[in-house]
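A.B. asks: This is the structure I want to talk about, given as C-alpha cells.
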Amino acid sequence: DSCIQFTRHASDVLLNLNRLRSRDILTDVTILVNRQQFRAHKTVLMACSGLFYTIFTDSHKCNLNAISLDPKVDPEGFAILLEFMYTSRLTLKESLIMAIMNTAIYLQMDHVVDTCHRFIKSSDP
Amino acid sequence: YEGVNTIKEMGRSIHEIPRQD
Chain F
1 DSCIQFTRHA
11 SDVLLNLNRL
21 RSRDILTDVT
31 ILVNRQQFRA
41 HKTVLMACSG
51 LFYTIFTDSH
61 KCNLNAISLD
71 PKVDPEGFAI
81 LLEFMYTSRL
91 TLKESLIMAI
101 MNTAIYLQMD
111 HVVDTCHRFI
121 KSSDP
Chain V
126 YEGVNTIKEM
136 GRSIHEIPRQ
146 D
C-alpha cells in the first residue's frame, strides 16, 4: 500500500479559494468596516479568526449575510488580515503595524498577534 | 511580492477548530 502526499495541495487550495473570493463566487457574507465593504466566505473567516468562529457558530448569527465590525477597527488593517487569511502572507507596512496588530487582537487571531509582537520587538532599534 | 523582505514564520498561523464544541 502506498500513500502519495501532494505537498503543495494546501497552498493550491488556498489560492483557488482566493480566486473564488476575487470572482465573488460562493462568497456568503459582507464584512462592513466603517464605510468599506469586504466580501468573503464564512468558512474561511471562521477557520482563521476566533471572533468569526464564535459569530458563525452562534445559531442566531450564522445566517447573517452582513456583519458590521466595531468602528474602532481600521479598514486597512482588516484588508491586510483578510488578505493574510486567503494567502498566508501578512504584509507589514511600518505605518500600519499597530493597526494590523490591534485588528488581529479584535479578530482573535492570537498567533498573528504574537508574531506582530515579536516583529515589533525585533525591529525596535 | 518581489522586492519585499520576506520572513518565513514556521509556527502555527491560526487557531485550531475543536473536533466538537
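So the sequences go chain by chain: F and V. In terms of the working numbering, the numbers along the first sequence are unbroken and rise by one, the last being 125. In terms of the working numbering, the numbers along the second sequence are unbroken and rise by one, the last being 146. By construction, the Cβ of each residue, glycine as well, lies at the ideal position given by its N, Cα and C atoms. Computed from a predicted structure; not experimentally measured.
Would you grab the beta carbon distance between F:E83 and F:A99 for me? Rounded to a whole angstrom, and I think it's under 8 Å.
C.D. replies: For the purposes of this step, residue 83 of chain F is taken as residue 83 along the first sequence, with counting starting at 1. For the purposes of this step, residue 99 of chain F is taken as residue 99 along the first sequence, with counting starting at 1. So it is not a contact: roughly 14 Å between Cβ atoms.
A.B. asks: Under the three-state reduction of DSSP, which class applies to F:L81: helix, strand or coil?
C.D. replies: For the purposes of this step, residue 81 of chain F is identified with residue 81 of the first sequence, where counting begins at 1. In this structure, F:L81 counts as helix in the three-state DSSP scheme.
A.B. asks: Give the range of the beta strand (DSSP E) segment to which F:V112 is assigned.
C.D. replies: Along the first sequence, one-based indexing puts residue 112 of chain F at 112. First-last for F:V112: 110-123, but that is the alpha helix (DSSP H), not the beta strand (DSSP E).
A.B. asks: Kindly say whether F:G50, judged by its beta-carbon, lies nearer than 8 Å to any beta-carbon of chain V.
C.D. replies: On the first sequence, position 50 is the one that residue 50 of chain F refers to. At least one chain V Cβ lies under 8 Å of F:G50.
A.B. asks: Looking at the structure shown, is F:T91 part of a helix, part of a strand, or coil, going by DSSP?
C.D. replies: To locate residue 91 of chain F, count along the first sequence from 1; it is residue 91. Here F:T91 sits in coil by DSSP.
A.B. asks: If we count the other Cβ atoms within 10 Å of its Cβ and call it buried at 16 or more, is F:A66 buried or exposed?
C.D. replies: Here residue 66 of chain F refers to the residue found at position 66 of the first sequence. That one is exposed.
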